[in-house]
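Participant:
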Amino acid sequence: MTEIVTAAMLVIGDEILSGRTKDKNIGHLADIMTAIGIDLKEVRIVPDEEDEIIAAVNAVRARYTYVFTTGGIGPTHDDITADSIAKAFGVPCEYDAKAYAMLEASYAARGIEYTEARKRMARMPRGADHIDNPVSVAPGFRIGNVHVMAGVPSIFQAMLDNVVPTLKTGTKMLSATVHCPFGEGLVGGPLGEIQKAHPDTIIGSYPKYGDGKFWTELVVRARSQEALDAARADVEAMVAGFAAKAS
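Residue 259 is where the sequence shown starts when you use my numbering, and the numbers rise one by one after that.
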(Lines of atoms letter the chains of each structure in order from A and count residues from 1; the text may use other names and numbers.)
(Lines give C-alpha, C1' and ligand atoms only; values in the text may rest on other atoms or scores of the structure.)
Protein backbone atom coordinates (compact mmCIF):
# COMPACT_ATOMS: atom_id res chain seq x y z
CA MET A 1 0.00 0.00 0.00
CA THR A 2 1.11 3.53 -0.66
CA GLU A 3 1.55 5.68 2.42
CA ILE A 4 0.97 9.39 2.09
CA VAL A 5 2.87 11.66 4.49
CA THR A 6 2.00 15.35 4.38
CA ALA A 7 3.53 18.62 5.50
CA ALA A 8 2.81 22.31 5.77
CA MET A 9 5.15 25.27 6.07
CA LEU A 10 4.71 28.52 7.97
CA VAL A 11 6.95 31.38 6.93
CA ILE A 12 6.89 33.87 9.78
CA GLY A 13 7.93 37.49 9.45
CA ASP A 14 6.74 40.96 8.53
CA GLU A 15 9.85 41.35 6.38
CA ILE A 16 8.60 38.66 4.00
CA LEU A 17 5.16 40.22 3.67
CA SER A 18 6.59 43.70 3.10
CA GLY A 19 8.92 42.46 0.37
CA ARG A 20 12.04 43.65 2.16
CA THR A 21 13.27 40.06 2.43
CA LYS A 22 12.78 37.60 -0.41
CA ASP A 23 12.01 34.09 0.80
CA LYS A 24 14.47 31.38 -0.25
CA ASN A 25 13.29 28.62 2.06
CA ILE A 26 10.00 27.54 0.48
CA GLY A 27 11.61 26.16 -2.66
CA HIS A 28 14.31 24.37 -0.69
CA LEU A 29 11.82 22.69 1.63
CA ALA A 30 9.63 21.70 -1.34
CA ASP A 31 12.61 20.12 -3.10
CA ILE A 32 13.63 18.14 -0.02
CA MET A 33 10.11 17.00 0.80
CA THR A 34 9.52 15.79 -2.76
CA ALA A 35 12.85 13.96 -2.76
CA ILE A 36 12.06 11.98 0.40
CA GLY A 37 8.40 11.23 -0.32
CA ILE A 38 6.55 13.84 1.76
CA ASP A 39 3.81 15.90 0.12
CA LEU A 40 4.14 19.60 0.93
CA LYS A 41 0.47 20.52 0.80
CA GLU A 42 0.33 24.08 2.08
CA VAL A 43 2.51 27.14 2.68
CA ARG A 44 1.34 30.13 4.70
CA ILE A 45 3.13 33.42 5.27
CA VAL A 46 2.13 35.04 8.54
CA PRO A 47 3.11 38.31 10.22
CA ASP A 48 4.97 38.78 13.48
CA GLU A 49 1.69 38.79 15.39
CA GLU A 50 1.10 36.34 18.19
CA ASP A 51 -2.56 35.62 17.48
CA GLU A 52 -1.87 35.02 13.78
CA ILE A 53 1.00 32.63 14.50
CA ILE A 54 -1.01 30.69 17.10
CA ALA A 55 -4.01 30.35 14.79
CA ALA A 56 -1.88 29.24 11.85
CA VAL A 57 0.11 26.69 13.87
CA ASN A 58 -3.00 25.15 15.39
CA ALA A 59 -4.74 25.00 12.01
CA VAL A 60 -1.99 23.23 10.11
CA ARG A 61 -0.66 20.94 12.83
CA ALA A 62 -4.08 19.32 13.04
CA ARG A 63 -4.28 18.72 9.29
CA TYR A 64 -0.82 17.51 8.29
CA THR A 65 1.74 14.96 9.42
CA TYR A 66 4.46 17.58 9.89
CA VAL A 67 4.70 21.36 10.15
CA PHE A 68 7.87 23.34 9.48
CA THR A 69 8.25 26.98 10.48
CA THR A 70 10.93 29.48 9.55
CA GLY A 71 11.73 32.80 11.10
CA GLY A 72 11.17 34.56 14.39
CA ILE A 73 13.56 32.74 16.74
CA GLY A 74 16.29 35.39 16.88
CA PRO A 75 17.28 37.78 19.68
CA THR A 76 15.12 40.84 18.95
CA HIS A 77 11.80 42.00 20.39
CA ASP A 78 9.83 40.98 17.30
CA ASP A 79 11.13 37.41 17.38
CA ILE A 80 8.03 35.94 18.99
CA THR A 81 7.76 32.53 17.33
CA ALA A 82 8.89 30.53 20.38
CA ASP A 83 6.43 32.32 22.67
CA SER A 84 3.59 31.96 20.17
CA ILE A 85 4.14 28.25 19.59
CA ALA A 86 4.35 27.63 23.33
CA LYS A 87 0.94 29.27 23.68
CA ALA A 88 -0.41 27.23 20.77
CA PHE A 89 0.55 24.08 22.71
CA GLY A 90 -0.54 25.47 26.07
CA VAL A 91 2.88 25.23 27.74
CA PRO A 92 5.29 27.82 29.18
CA CYS A 93 8.08 29.31 27.07
CA GLU A 94 11.20 29.27 29.18
CA TYR A 95 14.98 29.13 29.08
CA ASP A 96 16.20 25.71 28.08
CA ALA A 97 19.19 24.84 30.27
CA LYS A 98 21.13 23.03 27.55
CA ALA A 99 20.56 25.75 24.98
CA TYR A 100 21.43 28.45 27.52
CA ALA A 101 24.74 26.76 28.39
CA MET A 102 25.63 26.15 24.74
CA LEU A 103 25.09 29.78 23.81
CA GLU A 104 26.88 31.04 26.92
CA ALA A 105 29.94 28.94 26.09
CA SER A 106 29.88 29.96 22.44
CA TYR A 107 29.82 33.68 23.20
CA ALA A 108 32.45 33.31 25.91
CA ALA A 109 34.79 31.52 23.49
CA ARG A 110 34.47 34.44 21.09
CA GLY A 111 34.82 37.10 23.76
CA ILE A 112 31.31 38.40 23.11
CA GLU A 113 28.95 39.57 25.84
CA TYR A 114 26.05 37.22 26.53
CA THR A 115 23.37 39.89 26.56
CA GLU A 116 19.73 39.52 27.55
CA ALA A 117 18.82 39.73 23.87
CA ARG A 118 21.14 36.84 23.01
CA LYS A 119 19.78 34.81 25.90
CA ARG A 120 16.35 34.99 24.25
CA MET A 121 17.59 32.48 21.68
CA ALA A 122 17.77 29.86 24.46
CA ARG A 123 14.03 30.10 25.12
CA MET A 124 11.66 27.42 23.84
CA PRO A 125 8.42 25.73 24.85
CA ARG A 126 8.68 23.42 27.84
CA GLY A 127 9.22 19.83 26.68
CA ALA A 128 10.57 20.77 23.25
CA ASP A 129 13.48 18.87 21.72
CA HIS A 130 16.46 20.60 20.14
CA ILE A 131 17.08 20.90 16.41
CA ASP A 132 20.84 21.28 16.17
CA ASN A 133 22.26 24.35 14.48
CA PRO A 134 25.80 23.70 13.21
CA VAL A 135 26.07 27.20 11.72
CA SER A 136 25.43 29.58 14.62
CA VAL A 137 24.81 27.27 17.62
CA ALA A 138 21.38 28.65 18.67
CA PRO A 139 19.09 25.63 18.27
CA GLY A 140 15.69 25.33 16.71
CA PHE A 141 13.20 23.02 18.37
CA ARG A 142 10.52 20.42 17.82
CA ILE A 143 7.32 20.15 19.81
CA GLY A 144 4.67 17.68 18.77
CA ASN A 145 4.72 17.55 14.97
CA VAL A 146 5.95 21.15 14.63
CA HIS A 147 9.58 21.84 13.69
CA VAL A 148 10.70 25.40 14.38
CA MET A 149 13.73 26.64 12.48
CA ALA A 150 15.60 29.83 11.63
CA GLY A 151 14.73 32.07 8.72
CA VAL A 152 18.29 32.64 7.52
CA PRO A 153 18.53 30.26 4.54
CA SER A 154 21.94 28.77 5.35
CA ILE A 155 20.87 28.05 8.94
CA PHE A 156 17.44 26.75 7.90
CA GLN A 157 19.03 24.36 5.43
CA ALA A 158 21.53 23.09 8.01
CA MET A 159 18.76 22.56 10.56
CA LEU A 160 16.59 20.79 8.01
CA ASP A 161 19.46 18.43 7.22
CA ASN A 162 19.33 17.38 10.87
CA VAL A 163 15.55 17.01 10.86
CA VAL A 164 15.18 14.89 7.71
CA PRO A 165 16.59 11.63 9.18
CA THR A 166 13.96 11.78 11.95
CA LEU A 167 10.96 12.01 9.62
CA LYS A 168 8.60 9.25 8.54
CA THR A 169 8.47 9.28 4.76
CA GLY A 170 5.85 8.05 2.34
CA THR A 171 5.81 6.59 -1.15
CA LYS A 172 7.69 8.90 -3.46
CA MET A 173 5.88 10.61 -6.29
CA LEU A 174 7.14 9.63 -9.75
CA SER A 175 6.92 12.10 -12.63
CA ALA A 176 7.22 12.24 -16.40
CA THR A 177 7.24 15.27 -18.68
CA VAL A 178 5.66 15.36 -22.13
CA HIS A 179 6.56 18.21 -24.47
CA CYS A 180 3.52 19.65 -26.22
CA PRO A 181 4.10 22.17 -29.05
CA PHE A 182 0.55 23.50 -28.70
CA GLY A 183 -1.01 26.02 -26.33
CA GLU A 184 -3.20 25.21 -23.33
CA GLY A 185 -6.30 26.52 -25.09
CA LEU A 186 -6.13 23.64 -27.56
CA VAL A 187 -5.20 20.78 -25.23
CA GLY A 188 -7.11 21.83 -22.12
CA GLY A 189 -10.33 19.91 -22.86
CA PRO A 190 -8.80 16.57 -23.91
CA LEU A 191 -6.27 16.80 -21.09
CA GLY A 192 -9.11 17.12 -18.59
CA GLU A 193 -10.67 13.95 -19.95
CA ILE A 194 -7.36 12.12 -19.60
CA GLN A 195 -7.14 13.26 -15.98
CA LYS A 196 -10.63 11.87 -15.30
CA ALA A 197 -9.61 8.55 -16.87
CA HIS A 198 -6.55 8.31 -14.61
CA PRO A 199 -7.69 9.38 -11.12
CA ASP A 200 -4.57 7.92 -9.49
CA THR A 201 -2.40 10.49 -11.23
CA ILE A 202 -1.93 14.24 -11.13
CA ILE A 203 -1.54 15.88 -14.53
CA GLY A 204 -0.18 19.41 -14.62
CA SER A 205 -0.20 21.82 -17.55
CA TYR A 206 2.40 24.60 -17.62
CA PRO A 207 2.27 27.23 -20.39
CA LYS A 208 5.56 28.33 -21.92
CA TYR A 209 6.56 31.03 -24.37
CA GLY A 210 9.70 31.24 -26.47
CA ASP A 211 10.85 32.26 -29.94
CA GLY A 212 7.52 33.95 -30.56
CA LYS A 213 5.49 30.80 -29.92
CA PHE A 214 3.39 29.37 -27.12
CA TRP A 215 3.82 25.76 -26.12
CA THR A 216 2.96 23.63 -23.11
CA GLU A 217 4.88 21.41 -20.73
CA LEU A 218 2.68 18.55 -19.53
CA VAL A 219 3.75 16.79 -16.35
CA VAL A 220 2.26 13.50 -15.18
CA ARG A 221 2.78 12.44 -11.57
CA ALA A 222 1.85 9.19 -9.85
CA ARG A 223 2.96 6.96 -7.02
CA SER A 224 3.13 3.82 -9.15
CA GLN A 225 5.06 3.27 -12.36
CA GLU A 226 2.08 1.47 -13.90
CA ALA A 227 -0.28 4.41 -13.35
CA LEU A 228 2.36 6.85 -14.57
CA ASP A 229 3.03 4.92 -17.77
CA ALA A 230 -0.66 4.53 -18.61
CA ALA A 231 -1.44 8.22 -18.21
CA ARG A 232 1.70 9.32 -20.00
CA ALA A 233 0.81 7.09 -22.96
CA ASP A 234 -2.58 8.76 -23.26
CA VAL A 235 -1.03 12.24 -23.02
CA GLU A 236 1.53 11.39 -25.68
CA ALA A 237 -1.22 10.00 -27.93
CA MET A 238 -3.20 13.21 -27.49
CA VAL A 239 -0.21 15.33 -28.50
CA ALA A 240 0.50 13.07 -31.48
CA GLY A 241 -3.10 13.42 -32.58
CA PHE A 242 -2.94 17.20 -32.59
CA ALA A 243 0.38 17.08 -34.42
CA ALA A 244 -1.12 14.86 -37.12
CA LYS A 245 -4.01 17.28 -37.62
CA ALA A 246 -1.62 20.24 -37.83
CA SER A 247 0.62 18.64 -40.46
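Beta carbons: idealized from backbone N, C-alpha and C, even for Gly.
#1: With DSSP as the reference, label ARG400 as helix, strand or coil.
#2: Hey, would you say VAL533 sits closer than 7 Å to THR459, going by beta carbons?
#3: To the nearest angstrom, how far is it from the Cα of ILE452 to the Cα of PHE326?
#4: ALA265 to ILE296, Cα distance in whole Å?
#5: Exposed or buried, THR334, counting other C-beta atoms within 10 Å across all chains shown (16 or more means buried)?
#6: Within its chain, find whatever has a CB closer than 7 Å to the CB of ASP281; leave out the 5 residues flanking it on each side and keep chain order.
#7: If I'm right that HIS456 touches ALA485 with Cβ under 8 Å, what's the distance once you round it to whole angstroms?
#8: Do the region 361 to 377 and the region 401 to 415 make contact, defined as three or more Cβ pairs closer than 8 Å?
#9: Alpha carbon to alpha carbon, what distance is there between THR373 and LEU425?
#10: Give the straight-line distance between the Cα atoms of ILE389 and ALA489, rounded to the nearest whole angstrom.
#11: Could you check where the beta strand (DSSP E) with HIS437 kicks off and where it finishes?
#12: With a threshold of 16 other CB atoms inside 10 Å of the CB of GLY332, please say whether the residue is buried or exposed.
#13: Would PRO423 pass as a contact of ILE401 if the rule is Cβ separation under 7 Å?
Facilitator: Working from what's here:
#1: Taking the first residue of the sequence shown as position 1, residue 400 is located at position 142. Three-state DSSP puts ARG400 in a strand.
#2: The question about residue 533 has no answer, for the chain in this structure spans 259 to 505.
#3: Within the sequence shown, numbered from 1, the residue matching residue 452 stands at position 194. Within the sequence shown, numbered from 1, the residue matching residue 326 stands at position 68. Their Cα atoms are separated by approximately 35 Å.
#4: Here the question's residue 265 lines up with position 7 in the sequence shown. Here the question's residue 296 lines up with position 38 in the sequence shown. Going from the Cα of ALA265 to the Cα of ILE296 covers about 7 Å.
#5: Within the sequence shown, residue 334 is the residue found at index 76, counting from 1. With fewer than 16 other Cβ atoms within 10 Å, it is exposed.
#6: For the purposes of this step, residue 281 is taken as residue 23 along the sequence shown, with counting starting at 1. So the qualifying residues of the chain are VAL269 and ILE274.
#7: Walking along the sequence shown from the start, residue 456 turns up at place 198. Walking along the sequence shown from the start, residue 485 turns up at place 227. The Cβ separation is near 7 Å, so the contact holds.
#8: no
#9: The residue labelled residue 425 in the question sits at position 167 within the sequence shown. The residue labelled residue 373 in the question sits at position 115 within the sequence shown. When rounded, the distance between both Cα atoms is 35 Å.
#10: As a first step, residue 389 must be located in the sequence shown, where it is residue number 131. As a first step, residue 489 must be located in the sequence shown, where it is residue number 231. Taking the straight line joining both Cα atoms gives about 41 Å.
#11: Reading the sequence shown from its first residue, position 179 is the one you call residue 437. Taken as a continuous stretch (DSSP letters only), the beta strand (DSSP E) holding HIS437 covers 432 to 438.
#12: By 1-based counting over the sequence shown, the position of residue 332 is 74. Per the 10 Å Cβ criterion, buried.
#13: Against the sequence shown, residue 423 aligns to sequence position 165. Against the sequence shown, residue 401 aligns to sequence position 143. For PRO423 and ILE401, no; Cβs fall outside 7 Å.
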